[in-house]
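Right, one structure below, let's go through it.
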Amino acid sequence: MRPGFSADGYITDQDHLAEYRYRGMSSDINGCGWVAAYDLLHAQGVGVDFETVYRQMNALFPRQIPGPTPVRKLMDYLARYGSYRLTVGKKAALQAALAAPAGILRYWEEDVPHFVPFVRMEEGICRFFNVNDGLEDFTGSLEDFFAGHCKRPLVRVITPTE
């Protein structure tokens, strides 16, 4: 098994992807957008490998100027594979996430904008990937995740509509 990946094929830790340059920076620093896109597609059973997601998303930025992935670009990318909804605001994002089988949270983790994919495991419990060191692959409730990680009011969630 490749470091930074779970046994069931999710990317759990972008720290192991330094060789992939994304938006002019190594993915261990700036790869959470494409990593989250891959994990969400993987959760939905879309047959696309992580290197394809990386290449396709990186191609969205012909000028390799360092910066985070804009939410709108991520939404446009995901639209190639299905229908997704963006919900904005902490309270609304939590409600949308609670109703979804999987999704991507956009919030600030330790003063850095971050994308985190999640997958529903059982009633009330989700699996989260690539949050930060020590929290690469863990389970918990969305309510606890929001309380512990989503400290700022601007939280967004991308969820499948199908």
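The opening residue of the sequence shown carries number 1 in the numbering used here; numbering runs sequentially from there. Every residue, glycine too, gets a C-beta built ideally from N, C-alpha and C.
Residue i, enclosing alpha helix (DSSP H) - first and last residue
i: residue 33; result: 32–43
i: residue 144; result: 142–149
i: residue 74; result: 71–78
Candidates the options: closest to residue i by CA position
i: residue 18; options: 27, 82, 11 and 96; result: 27
i: residue 13; options: 51, 150, 161 and 128; result: 128
i: residue 60; options: 45, 39, 34 and 48; result: 34
i: residue 97; options: 80, 113, 54 and 117; result: 117
i: residue 23; options: 73, 39, 46 and 124; result: 73
i: residue 45; options: 77, 81, 5 and 136; result: 81
i: residue 64; options: 25, 51 and 75; result: 25
i: residue 130; options: 48, 1, 21 and 38; result: 38
Secondary structure of residue i, DSSP reduced to three states
i: residue 159; result: strand
Beta-bridge partners of residue i, as assigned by DSSP
i: residue 8; result: Answer by DSSP bridge pairing: none, since residue 8 is not bridged.
i: residue 115; result: 106
i: residue 122; result: 125
Span of the beta strand (DSSP E), counted from its first residue to its last, around residue i
i: residue 55; result: That residue, residue 55, is in no beta strand (DSSP E); its alpha helix (DSSP H) goes 50–58.
i: residue 86; result: 84–88
Proximity test, Cβ basis, 8 Å: residue i and chain C
i: residue 69; result: Among the protein chains of the structure shown there is no chain C, as only one such chain exists.
Could you check whether the region 78–90 touches the region 154–161, counting it as contact only if at least three pairs of C-beta atoms, one from each stretch, sit closer than 8 Å? The region 78–90 makes contact with the region 154–161; the number of CB pairs closer than 8 Å reaches 3 or more.
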